[in-house]
Amino acid sequence: MSNFPVFEPASPQAEAIRDLFVQVLWISGGIFAIVAGLICVALWKFRAAGDLPEQDFGSHRKEIAWIVAPVIVVLWIAAISAKLVLTFNAVPQAHPPGEQVADLIVTGHQWWWEVEYAGTGIVSANEIHIPVGKRLRVQLSSADVIHSFWVARLARKMDAIPGRENFIWLQADAAGVYQGRCAEFCGTQHAWMNFLVHAHEPEDYEKWLAREKIVPPAPTDSKAIAGRRTFLSLTCSQCHAIAGTGADRSIAPDLTHIASRSELAAGVLVNSPQNLRRWLKDPAAFKPGCKMPDFKLTDQQLDDLVAYLETLK
Amino acid sequence: MSESDLPSSAESAPGKAALGNLLDWISTVDHKKIGILYICTAVFFLGLGGLEALLIRVQLLFPNNDFLSADLFNQMFTMHGTTMVFLVGMPVLVGFQNYFVPLMIGARDVAFPRLNAMSYWLLPFGGILLYFSFMTGQAPDAGWFSYAPLSTKPYNLMPGQDYWIIGLICLGIGSVAASINIFVTVLQCRAPGMSLQRVPLFVWMSLMTAILTILALPALNSALAMLLIDRLLGAAFFEPARGGSAVLWQHYFWVFGHPEVYILILPAFGMISEVIPVFSRKPIYGYAFVAGSSAVIVLLSYGVWAHHMFAVGLGMGADMFFAVGTLLIALPTGLKIFNWTATMWGGAIRLTTAMMFAVAFLLEFVIGGLTGVMFAAVPIDWQLTDTYFVVGHFHYVLIGGTVFGLFSATYYWFPKMTGRMLSERLGKWQLWLWVFGLNATFLSQHVLGVMGMPRRVYTYADNPGWMALNAFAGAGAVAMAGGTLVMLLNIWVSVRKGEEAGDNPWEGFTLEWATSSPPPAENFAVIPEVASRRPVWDLDHPEVADAEREPTPADTGWRPDKLVTSAWAFVASEAVFFLLLLVAYVVFNTDVAGEIVSAAMLDVPRTAFFSVALLGSSFTLWRAERLLNSGHHAKFRLWLGLTIVLGGFFICGQAVEYYGLISSDVTIDDNLFTATFFTVTGFHGLHVIIGLLALAIVLVLALRNDRNVLGGTTLKAIGLYWHFVDVVWVAVFCIIYLGFLQ
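The listed protein sequences correspond, in order, to chains A and B.
Count along the first sequence from 1, add 4, and you get the number used in our numbering.
Count along the second sequence from 1, add 323, and you get the number used in our numbering.
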């Protein structure tokens, strides 16, 4: 993780934006220094002294001379931003023939992210795994209101808009975990709509992919068996999906590999058995207004459910 | 009178006087009193908006804080933004314009004093409607720009959002009416000799602002009308799940929203363009460039709205088009900074509080302008939009610019408004508290944005540095609140015990300083003759009078007709409103594959028949006008009556059409065709009915031989409106019934 993600890019796109930003910051700093300097000198030199000052009404020539430098600066900034818009960050709206529309299909929901790995059948939530060094095309959309997908160290920000498909490139130069957030206000729990991008070395990514494709085996432990029954008998499966159980709805996060994820509820809690239990007991205590209801689960049911969900690695 | 009567009469007299005073203020049509009412109302709402800001800062002091619930926090920032823009920023600026534009152009009042009172009273009405939402259990909570579909019924069930819409429509109508008034006042009521090239820059900026408001507010009103129809009548303009568009709302909102930024900043430009020359004892440097660059800003401001939408994914072409437009605005703005600095250069600067606020404006506004340039570089916007960096940016513009300009104007003009000086010592306390507060709060927020903190989050995880910076931002907010209290204390004390100001304490240049402080009821005993841009300077310094040294275009003496000018302004505003409704029709009824319920359900020949009646009414009204001008009063009444009959016939035709559609179960909530059809034709019908009422009133007055109708331009002004309504119908008929543009 990083304190100043905008200044610590980890992809060619983010790096290009950082460089542009730094350059414009310097230009702006220079302009500010000149203007502030002139004002300070004026205040220093031209204080009221009794005599009437020369009544100067202005000069067309000086106005035009003054505007030359700003014109050059503005043209320069337009040129360097246009270059970036047209090259590094240009995302083709139409996909090239013979290729997939997108490598990743990300859908914003109030208040979590659904992540589909195109062509693999893998669906997950609030966590994106990518191989290092590969430029992936991400399709962004929304199931409800407008959200905005932002991983500052890796890519530009792009809105996820209902009834519309947007595309961006996502790429990481180095293995690691990158913080992502929802940037567009999307209702009560906009603050907790975070996600993580895990970038793996290619061989690790393949391993992860292989593991993720495995449908978790039915539990053998008696508590976990009871938990699975609880999951299927309550209304959990009306919203959540778990591969291999028949629960296949995508209204709420897919739980097929919930135990291998590092956070719960889009960044509210670190994923641990204790936190999972606290979350299931009273979701609104951690994420007031969230769509997950309080099922008033008994301690027994909670223990069983946690035991079951922890098997879903 | 017996002795025992004395105490009781002494007691009742102040009571009666107070009541009389109150009634006087409530019923006033005096531009100065209305100006003060605007300012006081804005200060009241500043208290509310400021309180909301402080609550936001307290909630963000600590990570995972639960001082405010998520829902309450979202209401707070929505109400803070809405309040500060619509109930503080615009009213306080209109208040100063109301007070000083007539004084500065040597007029006795604004062009339409009663319209002025109506515009003002819509402000408390709209404000109360907005704040009444708290009584329904939840204030609006979709942000001040209420992006759809978050603001539509499926995601926002509470009535707070409806109060937001209706309150804003009220305020919007009031703003347009006030702006038409200012527009006509500047064009029509100027003192003899004051050509448009001689008006003080504050007046010029007010004129520019009025044009912006007249043409920008209707965009908001049309969007609000559509959102209200969505919410209350079940249409789906902005509901993607039912075929509507989430992005259309953003386009409409920012077509209004970006000019709005200039509505808030241009008057402040005008204020410091008065203050800096007076306290440098020099004329403004490059008057023509300051004035002309503002006109350029007005023009450009309509072509940059989508720079608020770079993260929407509009495509490279659109992004670059709006980026270049935005960058171009930096040029006229940069030119102004040069002119203000050059005005100080070589002057005899007096660092009064007013001047210090103007200097603080220059420095802080430049920071806000430069971060604005960063956002115009599209890729930087892709990173930093919707973060605290953008929150910091626009607060530098709106506080460093608008608020500091207002404070400068307050210290400059308070002596004129009250006859007493404000305390300079308290003024400097206020200045430094605000300068510290502004930079502490919003510099921290720039850093937080770069650290990745999104805007509008009610809480955050304990990320390194976030708490410290938010705490610093909170300290700044407290300093700004303290500075405001110092200002209120200063005003409270100075109104009573301040030093007497005299007519012209600052040796000001413009006409407001040529009358007493405060000015009498009709401003000037004698309307002064103007020969230069600085008439009062010329009186004080005949040896270096501007009239000889800096010749300016002389006044031709021509002034446009008040009523006709206001009708043109109103028609322009309404044209934008209908244009956007028609754009919505075209957007939603073009290129839709197959299933759309097309215009086939309409009886085109029948409507064509009724349309001929409406167009005929334009002809009959034109005849009526000609007859009136040539003095044939009896025939004029006949043709006017015929116009009303034809207009009424059209409305009956529309009623028959509506009856037929509704009885065959075609209603506004069916699909996007019916939604746009009923919205466009319904608003048009409403305009026809209003026009008919106006024509009927004219006819009644004409039958009574009213002099204003028979001798004035009333009919011409209303005729303009009537012809406009007909032109709109031609467009509606072509686009909806004949299917042009599909």
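Beta carbons: idealized from backbone N, C-alpha and C, even for Gly.
All figures in this text were calculated on a predicted structure; none of them were measured in a lab.
Comparing alpha-carbon positions, the option among B:His574, B:Leu622 and B:Ser746 lying closest to Ile586 of chain B turns out to be B:Leu622. A direct Cα-to-Cα measurement between Pro135 of chain A and Tyr625 of chain B gives close to 45 Å. Put simply, of B:Trp836, B:Tyr1060, B:Asp826 and B:Leu360 the residue whose alpha carbon is nearest the alpha carbon of Phe933 of chain B is B:Tyr1060.
Within the same chain, Cβ atoms closer than 6 Å to the Cβ of Phe579 of chain B are found at Ala539, Ala542 and Leu543, the five residues on either side in sequence being excluded. The beta-carbon of Val867 of chain B is placed less than 8 Å from the nearest beta-carbon of chain A.
Against chain B, a Cβ distance below 8 Å from Arg185 of chain A picks out Gly775 and Pro777. Counted as a single uninterrupted DSSP element, the stretch harbouring Ser128 of chain A is not any alpha helix (DSSP H) but the beta strand (DSSP E) occupying residues Ile126 to Ala129. Contact annotation: Tyr312 of chain A and Gly231 of chain A have beta-carbon atoms nearer than 8 Å. Identification of chain B residues near Ser152 of chain A by a Cβ-Cβ cut-off of 7 Å yields Ala634 and Asp709, ordered along the chain. Contact with chain B is absent for Lys211 of chain A, since none of that chain's Cβ atoms lies less than 8 Å from the residue's Cβ. Contact check for Pro523 of chain B against Met427 of chain B passes: the beta carbons are separated by less than 8 Å.
Put simply, of B:Gly970, B:Thr1002, B:Ser469 and B:Pro787 the residue whose alpha carbon is nearest the alpha carbon of Trp577 of chain B is B:Ser469. By the Cβ criterion, the segment 896-906 of chain B is not in contact with the segment 440-456 of chain B, since fewer than three pairs of Cβ atoms, one from each stretch, lie closer than 8 Å. The beta-carbon distance between Leu88 of chain A and Pro702 of chain B, rounded to whole angstroms, is 5 Å. This is short enough to meet the 8 Å contact definition. Taking 8 Å as the CB threshold, Phe419 of chain B stays off the interface with chain A. Think of a sphere of 8 Å around the beta carbon of Val381 of chain B: no beta carbon from chain A falls inside it, the nearest being about 16 Å out. Secondary structure note for Phe468 of chain B: it is in no beta strand (DSSP E), with a DSSP letter that is neither H nor E. Under the Cβ distance rule, Ile722 of chain B does not count among the residues neighbouring chain A, no pair being separated by less than 8 Å. Legend: CB atoms of the segment 648-675 of chain B lying less than 8 Å from CB atoms of chain A belong to residues Leu650, Leu651, Ala653, Leu654, Gly657, Leu658, Ile660, Phe661, Asn662, Thr664, Ala665, Met667, Trp668, Gly669, Gly670, Ala671, Ile672, Arg673 and Leu674.
Residues of the segment 153-169 of chain A with a Cβ closer than 8 Å to any Cβ of chain B, in chain order: Trp154, Ala156, Arg160, Lys161, Met162, Asp163, Ile165, Pro166, Gly167 and Arg168. Per DSSP, reduced to three states, the secondary structure at Trp829 of chain B is coil, with no helix or strand assignment.
Every unbroken stretch of the beta strand (DSSP E) spanning 3 or more residues and falling wholly within the segment 129-215 of chain A is given here in chain order: 131-135, 140-146, 151-154, 162-164, 170-174, 180-186 and 199-204. Between Val770 of chain B and Leu792 of chain B, the C-beta gap is smaller than 8 Å, which places the two residues in contact. Collapsing the DSSP output to three states places Leu268 of chain A in a strand.
Here the segment 670-686 of chain B makes contact with the segment 597-607 of chain B; the two share three or more CB pairs at distances below 8 Å. Ile68 of chain A and Gly657 of chain B have their C-alpha atoms roughly 12 Å apart. Taking 4 residues as the minimum length, the alpha helix (DSSP H) runs contained wholly in the segment 738-810 of chain B are 747-773, in order along the chain. Ranked by Cα distance from Ala800 of chain B, the options B:Phe644, B:Ala653 and B:Ser767 are led by B:Ser767. Taking the Cα of Phe561 of chain B as reference, the smallest distance to any Cα among B:Pro425, B:Thr997, B:Arg1027 and B:Lys476 is reached at B:Lys476. Look at the segment 942-970 of chain B: it has no residue with a C-beta under 9 Å from a C-beta of chain A.
For Ala802 of chain B, the CB contacts under 6 Å within the same chain, skipping 5 residues up- and downstream, are Leu756, Phe759 and Gly760 in chain order. When 7 Å is used as the limit between beta carbons, Tyr470 of chain B is near these residues of chain A: Ile150, in chain order. In terms of Cβ geometry, Gln175 of chain A and Pro16 of chain A form a close pair [threshold 8 Å]. With respect to the C-alpha of Phe36 of chain A, the residue from B:Ala634, B:Cys363, B:Phe688 and B:Leu650 having the closest C-alpha is B:Phe688.
Inter-segment contact for the segment 959-970 of chain B and the segment 1009-1016 of chain B is present: three or more beta-carbon pairs are separated by less than 8 Å. For Glu118 of chain A, there is no enclosing alpha helix (DSSP H); the enclosing beta strand (DSSP E) has its first and last residue at Trp116 to Tyr121.
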